[in-house]
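Read the structure below first, then the notes.
Residue numbers (the UniProt record's numbering): 1 to 261.
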């Protein structure tokens, strides 16, 4: 599938990642219009890709695009979106975090096809997994090009996946803590990092292999009875690791849903 013209209101890290993924060969769009902010990212993309045009302003992006992505910070979303005029029937994709669908529709003020999505930085190399709500064939096809689209049947499904995506920093945080422990115990940092990064990568690859058993089965498989892995897992569970992670997920879901945890 190919889209003629795609626009991005907001030119931050996620916009840059999506543009790079969309214009990798074979390119998914004939034209991509980006807003002039941030100027550096917009100029870099325009210099690198002939298909990228830096628009005069955000309204220019909307006017020139068949599919418009709202890629702005939630703190400024209402001000920016209310200031734009959209075409009836236009397909709008919001990647604005923790912002309710109804609020977006109220700000847009036109009868558009609004889809919400959670693209992750890995879309740049077409390896991202992206939650999409509500299901939309055209938007899902775009994100399938950038990796894999997961179409959610309800807002609850979408909110839960949004909460799950909030563990990325913690994933790297665990890697950092292990590396810091290794360094503090006498192993130089470069060696620790050179060991930990491919170890975690191999585990992720194992979990993502076709036909792989549930995570719980993998955990048992890697925890030999009476072994070292079993000991660490047991300590993690008994000393509050599971409780802390569960509480953190509950808290971030409450924030996404706009309620007090």
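Glycine is no exception: its CB is placed at the ideal position from the N, C-alpha and C atoms.
Query: Length at least 4, wholly inside the segment 223-248: the alpha helix (DSSP H) runs in chain order; Result: 228-238
Query: Own chain residues within Cβ distance below 7 Å of residue 45, not counting five before or after; Result: 16, 19, 34 and 52
Query: Residue 162 and residue 131 closer than 8 Å at C-beta; Result: yes
Query: Whole-angstrom distance between residue 91 and residue 71, CA atom to CA atom; Result: 14 Å
Query: Inter-stretch contact at 8 Å, needing at least 3 Cβ pairs: the segment 101-111 / the segment 75-84; Result: yes
Query: Distance, residue 191 Cα to residue 65 Cα; Result: 49 Å
Query: Where residue 58 falls, given that 16 or more other Cβ within 10 Å makes a residue buried; Result: buried
Query: Alpha-carbon spacing of residue 212 relative to residue 205, whole angstroms; Result: 10 Å
Query: Beta-bridge pairing of residue 148 - partner residues as DSSP gives them; Result: 129
Query: Rounded separation between residue 171 and residue 146 - CA only; Result: 22 Å
Query: Distance CB(residue 149)-CB(residue 140) smaller than 8 Å; Result: yes
Query: DSSP-derived helix/strand/coil call for residue 69; Result: strand
Query: Whole-Å CB distance - residue 68 paired with residue 7, under 8 Å assumed; Result: 5 Å
Query: Three-state secondary structure (DSSP) of residue 4; Result: strand
Query: Nearest to residue 135 (by Cα), restricted to the options 257, 3, 151 and 124; Result: 151
Query: Nonlocal neighbours in the same chain, by C-beta distance under 6 Å from residue 61, ignoring five residues either side; Result: 7, 9, 33, 35 and 55
Query: Terminal residues of the beta strand (DSSP E) in which residue 37 lies; Result: Element bounds for residue 37: n/a, residue is neither H nor E.
Query: Neighbour-count burial assignment, residue 185, 16 or more Cβ in a 10 Å radius; Result: exposed
Query: When 30, 222, 22 and 169 are compared against residue 126, the one with the closest alpha-carbon; Result: 22
Query: N- and C-terminal bounds of the alpha helix (DSSP H) containing residue 169; Result: 168-184
Query: Within 8 Å, strictly: CB atoms of residue 114 and residue 104; Result: yes
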